[in-house]
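In what follows, a structure is listed as structure tokens, so that the remarks can point back to it.
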Amino acid sequence: MSPALLFDLDGTMLETDAIHRAVFTDMLAPRGIAVDEAFYMEHIHGRLNADFFAEWLPDEADPEALSEAKEAEFRRRLPHPFPAMAGLHDLLDRATAAGLPIAVVTNAMRPNAEAMLRAIDARDHFEVIVIGEECPRAKPHPDPYLQAIEALGVAPEQTIAFEDSPSGIRAARAAGAFAIGIRSSLSDAALRAAGAHRTLSDFTDPALADILRRFKGVPA
1 MSPALLFDLD GTMLETDAIH RAVFTDMLAP RGIAVDEAFY MEHIHGRLNA DFFAEWLPDE
61 ADPEALSEAK EAEFRRRLPH PFPAMAGLHD LLDRATAAGL PIAVVTNAMR PNAEAMLRAI
121 DARDHFEVIV IGEECPRAKP HPDPYLQAIE ALGVAPEQTI AFEDSPSGIR AARAAGAFAI
181 GIRSSLSDAA LRAAGAHRTL SDFTDPALAD ILRRFKGVPA
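Sequential numbering of the sequence shown, starting at 1, is according to UniProt numbering.
This is the structure:
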């Protein structure tokens, strides 16, 4: 059986943390919360807006509207085109040519996911896009990965998940996938501490070929 390749989106297929951080900074400063890189990585990175706002703005009158406003501003600031993670398009082209099942598994809301995939010119590669907030539970729970695995019709042990956050790594591992951490924001040690089997600098990392050879049918 050929394996499936499951891709987190933001921080894995492209790096937009700087845009998100700037939007959060502008939005939260009037509410008395200073967002620097350390705060962003500890409290915001990889989480749903709803979870962050529940913790840090429990008295917000309309947290859903705040979340919608934040993401609309992110989409407004996202350049088109936007650079994909190095080596991503080559891997997607090889996987598509080999007929491998592939999917996006993300905690981003659907309009953001669509905008980011279009910005990096990768939308046509994916028929299956699983959105965390549309599942019973988002990452770090395994539900989004389990939904993608079911949709693609593959066994969990025949899936490779690419992730950049601890919550995503934990979700992929809990679903039974082989979890690869992309070191876009975090170190090898931090990603392995979250449960990553291996880590890569990006999709041009020579270690990727060795990993892919472990799975039948993956073009190295």
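Positions of the beta carbon are idealized from the N, C-alpha and C atoms, including for glycine.
{"Query": "Quick one: what does DSSP say R134 is sitting in, helix, strand or coil?", "Result": "Reading the sequence as shown, one finds Glu at residue 134 and not Arg. E134: helix per DSSP, three-state reduction."}
{"Query": "Quick one: residues in its chain with C-beta nearer than 6 Å to the C-beta of A196, no 5 flanking neighbours on either side, listed in chain order?", "Result": "I169, A179 and G181"}
{"Query": "According to DSSP, is V23 helix, strand or coil?", "Result": "helix"}
{"Query": "Kindly confirm or deny that the segment 198–216 and the segment 136–152 touch, where touching means at least three C-beta pairs closer than 8 Å.", "Result": "no"}
{"Query": "Roughly how many angstroms lie between the CA atoms of residue 221 and R214, to the nearest whole one?", "Result": "The first residue shown for the chain is 1 and the last is 220, placing residue 221 beyond what the model contains."}
{"Query": "To the nearest angstrom, report how far apart D10 and G99 are at their CA atoms.", "Result": "24 Å"}
{"Query": "Measure the alpha-carbon distance for I120 versus A84 and round it to whole angstroms.", "Result": "5 Å"}
{"Query": "How big is the Cα-Cα spacing for R21 and R77?", "Result": "12 Å"}
{"Query": "What's the gap between the Cα of L208 and the Cα of N49?", "Result": "32 Å"}
{"Query": "Taking K139 and A171 to be in contact with their CB atoms under 8 Å, please state how far apart those CB atoms are, rounded to whole angstroms.", "Result": "4 Å"}
{"Query": "Considering only C-alpha positions, which residue in the set A54, L92 and E37 is nearest to S185?", "Result": "E37"}
{"Query": "Buried or exposed for E163, please, with buried defined as at least 16 other CB atoms from any protein chain shown within 10 angstroms of its CB.", "Result": "buried"}
{"Query": "Please return the same chain residues whose Cβ sits closer than 7 Å to the Cβ of A115, not counting the five positions on each side in sequence.", "Result": "R75 and L78"}
{"Query": "Under 7 Å between the Cβ atoms of V130 and A113?", "Result": "no"}
{"Query": "With a threshold of 7 Å on Cβ separation, who are the neighbours of V35 within its own chain once the five nearest residues in sequence on each side are excluded?", "Result": "R21, F24, T25 and L28"}
{"Query": "What residue from A193, A86, A4 and R192 has the CA that sits closest to T96's CA?", "Result": "A4"}
{"Query": "Go ahead and label S167 buried or exposed: buried means 16 or more other beta carbons lie within 10 angstroms of its beta carbon, across all protein chains shown.", "Result": "buried"}
{"Query": "Ignoring anything shorter than 4 residues or poking outside the segment 84–136, list the alpha helix (DSSP H) runs there in chain order.", "Result": "88–97 and 110–119"}
{"Query": "Which class does L146 belong to by DSSP, given the choice of helix, strand or coil?", "Result": "helix"}
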